[in-house]
Structure formats: C-alpha cells, structure tokens
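Using our numbering, you'd call the opening residue of the sequence shown number 1080 and step up by one each time. All C-beta atoms in this analysis are idealised placements derived from N, C-alpha and C, irrespective of residue type, glycine included.
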Amino acid sequence: MPKITDSQYAVLARLSASGGTRYVISRYGVLKAMDKDRATVNVATLNALIKRGLVEVDTTTSLHQGQRLHVTAAGQRALAQHKPAAMPARTAAVTPPATKQAAVGRTR
C-alpha cells in the first residue's frame, strides 16, 4: 500500500472518527467538505484520498443535499500503517561570509 502524507493522515483520522460530508455551494458552484464536527476538510486532499480508494462517497444523494464520506477498509489500514514524517535533524549554524568578515574587524 502506498504511503499517505501527514495531511492525508489528518483528514483520514478526522473522517474515521465520525465521517463527513461533501457538498456544493449552489450559489457559487464551489465544492466543500467538512467532518462531523463541522470543521473544513481540504478538498484537494480529500479528492486524493477518494482517488486512492481510501475514502468512499455516498453518491445516492446529490452534492446539493450533501454526500456522506466514509473511510474504507483500505483507509483504515493506511491509518494504522502511517508513520509521521521524521523531523529533520538540526544542522549546525553556518555563519555567512559577510558576518565572518564583520566579526574579524578592521585592520589598519
């Protein structure tokens, strides 16, 4: 199973806890999504999860009514296998040449 990103993991975790809804704002034709806590879900991230089969959309209702979102079994496995990206090790600070020159001082 391909790895998921941290942002995809966050969306999957929120949707697996309580599901969500995908809907369109008819006045503008803008596609939106939210979880059951009414928190906004990034549509691009959601679309990537749907395309990979990790989230399923109930298309028995229209987008104007709102389509329910469910995490699939593959989505649950992806959640279980996800390991957050490791924080990059801190590198030693390198003094830029201009600062080095200023630190040396003037010679006469």
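Membership of A1123 in the alpha helix (DSSP H) is indicated by the continuous run 1122-1130.
The beta carbon of L1110 lies closer than 6 Å to those of V1103, V1122 in the same chain, with the five residues before and after it left out. The alpha carbon of L1091 has as its nearest neighbour, out of L1142, N1126, Q1144, the alpha carbon of N1126. In the DSSP annotation of this structure, the continuous segment of the beta strand (DSSP E) that includes R1147 starts and ends at 1146-1150. Excluding the 5 residues flanking it on each side, S1097 has same chain C-beta neighbours closer than 8 Å at D1114, K1115, D1116, in chain order. The shortest CA-to-CA distance from Y1107 to any of L1148, A1152, R1147, H1143 is the one to H1143.
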